[in-house]
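Chemist: The numbering used here applies: residue 11 is where the first sequence begins, and numbers increase by one.
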Amino acid sequence: MKIATWNVNSVKARLPQVLAWLREAAPDVALLQEIKVTADHFPSMEIGDLGYNVAICGQRTYNGVAILAKRPIDVLFDSLPDNDADPQARYIEAIVDGLRVASIYAPNGNPIGTEKFAYKLGWLACLGRHVTALRASEDAFVLGGDFNVAPCDDDVYDPVGWQDDALCRPESRAAFRRLMHQGLVDALGATGSHHRRRYTWWDYRGGAWPADHGLRIDHLLLSPEAADRLVDADVDRGPRDWEKASDHAPVWCILDDGASQAKR
DNA sequence: ATGCCCGGAACGTCCGGA
């Protein structure tokens, strides 16, 4: 089972790229962020033609998350529990093929020292409380998305230059670690070389992509029950090099479903 | 110190992004 996450930066502006990526990468489950449309404007037909069901938590202009899956999608939440007064569309959670998955778009939080930064930290804390509930269920789950946190300096091409950015602040990293310390496994950290930089976002400006001036802020976080099934994971840098690219690259992981389900 | 490059809304040019 291949699960991928991608901040598409507008599903309307990116539709040809999204369709090409779905054909090429063929994930069983795709978690999208920043779709920037409400459900009634989501290109469900075009994506449906590729064999995907869609579940959408949409918003016009800003934010918006979606889950695409070849199997049926049973939506459980379209906002973080205990955060349903939040007008920003940043969370959707569903069961697909017996696996719990969530598409997450955490707040950016810049500039620091403002209500935006407080909102980010509050949102991540709320996500942390939900993770506690999810962990108690002992369900296998995958939280994928744009967490807007570069967990450590190795995840930043210029750690000093970015040290006062909301994506790199110690408070943001502490909030991210509080998620991880509940027993979650970072799919990229658990596979391949720990020393190889695997950025997921490159600024449109200043030639950041060709210079590989990136940040790792998109993550696939696995419950222990899901991590037991982890086969492989990586960043798909290809789409970042396409014409009219998103500024984010997809991240994917593969979970084995044969042996582990027989074990259960 | 700010803009760089984008998308969206909208037709000015600003906001938000990261």
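Beta carbons: idealized from backbone N, C-alpha and C, even for Gly.
1) Given this structure, state the Cα-to-Cα distance separating A243 from R70, to the nearest angstrom.
2) Out of curiosity, what's the CA-to-CA distance linking F186 and G154?
3) To the nearest angstrom, how far is it from the Cα of F157 to the Cα of D266?
4) Curious, which full-length alpha helix (DSSP H) runs of at least 4 residues does the stretch 148-205 contain?
5) Indicate the three-state DSSP secondary structure (helix, strand or coil) for G275 in the structure shown.
6) Taking the alpha-carbon positions, what's the Q98 to V47 distance?
7) My parser needs the beta strand (DSSP E) runs of 3 or more residues fully inside the stretch 84-133; what are they?
8) Apart from the five residues on each side of it in sequence, which residues of its chain come closer than 6 Å, Cβ to Cβ, to N93?
9) Should H191 go down as buried or exposed, given a rule of 16 or more other Cβ atoms within 10 Å for buried?
10) Since S89 contacts Y72 with CB under 8 Å, what's their CB separation in whole angstroms?
11) What does the alpha-carbon distance come out to for the pair D196 and T15?
12) Taking 7 Å as the limit between beta carbons, can you name the residues of its chain near A259, skipping five residues before and five after?
13) Could you check if L32 is buried or exposed, using at least 16 other CB atoms within 10 Å of its CB as the buried criterion?
14) Would you mind sorting G224 into buried or exposed? The rule is 16 or more other CB atoms within 10 Å of its CB.
15) Leaving aside the five residues before and after S20 along the sequence, list all residues of the same chain whose C-beta is less than 6 Å from its C-beta, in chain order.
16) Straight-line CA distance for I83 to V106?
17) Between the alpha carbons of V166 and V159, how many angstroms are there, rounded?
18) Quick check: what's the CA-CA separation for V241 versus I264?
19) Nearest CA to the CA of K254: which residue from K12, Q27 and N17?
20) Do E235 and A150 have their beta-carbon atoms positioned less than 8 Å apart in this structure?
21) I need the boundaries of the beta strand (DSSP E) containing Q43, first residue and last residue.
22) On the DSSP bridge assignment, give the partners of W16 in chain order.
23) Give the range of the beta strand (DSSP E) segment to which I264 is assigned.
24) By alpha-carbon positions, which one of L25, E34 and A112 ends up nearest to A65?
25) Taking P161 as the reference, which of L86, M55 and L230 has the closest Cα?
Modeler: Once the coordinates are examined:
1) 32 Å
2) Roughly 13 Å separates the two Cα atoms.
3) 25 Å
4) Segments of the alpha helix (DSSP H) lying fully in the stretch 148-205: 180-190.
5) One cannot answer for residue 275 here, as it falls past the ends of the chain, which runs 11 to 274.
6) 12 Å
7) 101-106 and 109-115
8) C136
9) exposed
10) At roughly 15 Å, the Cβ-Cβ gap does not stay under 8 Å, so S89 and Y72 are not in contact.
11) When rounded, the distance between both Cα atoms is 13 Å.
12) Contacts found: T210, V245, D246, R247, P249 and R250.
13) buried
14) Classification for G224: buried.
15) K46
16) 5 Å
17) Cα to Cα, V166 sits roughly 10 Å from V159.
18) 5 Å
19) Q27
20) yes
21) V39 to Q43
22) L42
23) In the DSSP assignment, I264 falls within the unbroken beta strand (DSSP E) covering V261 to L265.
24) A112
25) L230
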